[in-house]
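Working notes, structure below.
Numbering (the working numbering), first residue to last: 16 to 322.
Right under this line is the structure:
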């Protein structure tokens, strides 16, 4: 039986995350301290006691979630639980690549911090927007966005939930049309930029320059690419896909299907929240989904795996 580790993206953050790991495990202390050193400020303090507003800033959120996710991977490995395949949603793809040995932890922390900055700089706050469309087929969503213009489907999360992004006014217009077309619900998301839309092209360009400065290795096991929806191991493909991922849609359903086709039967969400476990239930009820975000859920997951 193969195990997939899946890593969450932005939106899963919460003040206090990672603190019980830090208080109880040397491995967690080491990684938080390394991250503080790499970033030149205390992301640790921000995670444990910082204001929610500071933690919500994209340039802080991204490294914070990555750190906690990588700690979970290390703690599971220490208990003899290892991934044979992995994937991550958006930012989570970087966590998956650290787990697979393709990116060094310190490099990934700095990369996602800069990725957050570049994404925020690409579109001024208030000019872009994102909305989750619930209960409507992808074809109708894609067609409607094309009709409105300056908005597109950017996250194919699970059947019945697709996220659109683009210019704020265009997102608003698309939401109205999609509701009229039969969407059960349309929720404007509390984000500061239209992630994964073509408006992120300037961020992708800057990210490419940063990726050229770091060492990207072949992955020790396959990692699902958000951009292709396929499993990748080659360093050259991984690097190219990470750049494309910034201004292209996240094909999460395809990523999960690729991990399933590889033989993964148990999926463990590593990091804050249970969002990806929820998506799994909508993609395929037969998938066994577990999560680890704190010591309580770590012990629960280990007990369930032993059973």
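Think of the CB as a built atom: it goes at the ideal place given N, C-alpha and C, for glycine as much as any other residue. Nothing here was measured: the structure is a model prediction, and the numbers come from that model.
Item, Value
"Which term fits residue 319, buried or exposed, when burial requires 16 or more other beta carbons within 10 angstroms of its beta carbon?", "exposed"
"Would a C-beta distance cut-off of 8 angstroms place residue 101 and residue 115 closer than the cut-off?", "yes"
"Helix, strand or coil for residue 82, going by three-state DSSP, please let me know.", "helix"
"If you draw a straight line from the C-alpha of residue 19 to the C-alpha of residue 281, how long is it?", "6 angstroms"
"Which ranges would you report for the beta strand (DSSP E) in the region 201-266 if only whole runs of at least 3 residues count?", "none"
"Using CA coordinates, which residue listed in 131, 192, 95 and 185 is at the minimum distance from residue 155?", "192"
"Is the number of C-beta pairs between the region 148-162 and the region 193-203 that are closer than 8 angstroms three or more?", "yes"
"Leaving out the 5 sequence neighbours to the left and right, which residues in its chain are closer than 6 angstroms to residue 269 when beta-carbon positions are compared?", "244"
"Should residue 296 go down as buried or exposed, given a rule of 16 or more other Cβ atoms within 10 Å for buried?", "exposed"
"For residue 213 and residue 263, what's the separation of their Cα atoms in angstroms?", "7 angstroms"
"Where do the ends of the alpha helix (DSSP H) carrying residue 36 lie?", "34-39"
"What are the complete alpha helix (DSSP H) segments, minimum 4 residues, inside the region 264-297?", "267-277"
"DSSP on residue 199, reduced to helix/strand/coil?", "coil"
"Could you give the residue range of the beta strand (DSSP E) that holds residue 176?", "176-182"
"Who does residue 171 pair with in a DSSP beta bridge?", "177"
"So, is residue 66 buried or exposed, given that buried needs 16 or more other C-beta atoms within 10 angstroms?", "exposed"
"Assign residue 396 to one of three DSSP states: helix, strand, or coil.", "The first residue shown for the chain is 16 and the last is 322, placing residue 396 beyond what the model contains."
"Less than 6 angstroms between C-beta atoms, sequence neighbours within five positions excluded: which residues of the same chain meet that for residue 234?", "115, 117 and 248"
"Sort 140, 88 and 236 by Cα distance to residue 338 and report the nearest one.", "Look at the range of the chain in this structure, 16 to 322, and you will see that residue 338 is not part of it."
"Helix, strand or coil: how does DSSP classify residue 147 here?", "strand"
"Looking at residue 62 and residue 70, is the spacing between their C-beta atoms short of 8 angstroms?", "yes"
"Expressed to the nearest angstrom, what Euclidean distance is found between the alpha-carbon atoms of residue 106 and residue 204?", "17 angstroms"
"Check for me: the alpha helix (DSSP H) holding residue 307 runs from which residue to which?", "Residue 307 -> not in any alpha helix (DSSP H); beta strand (DSSP E) instead, spanning 303-307."
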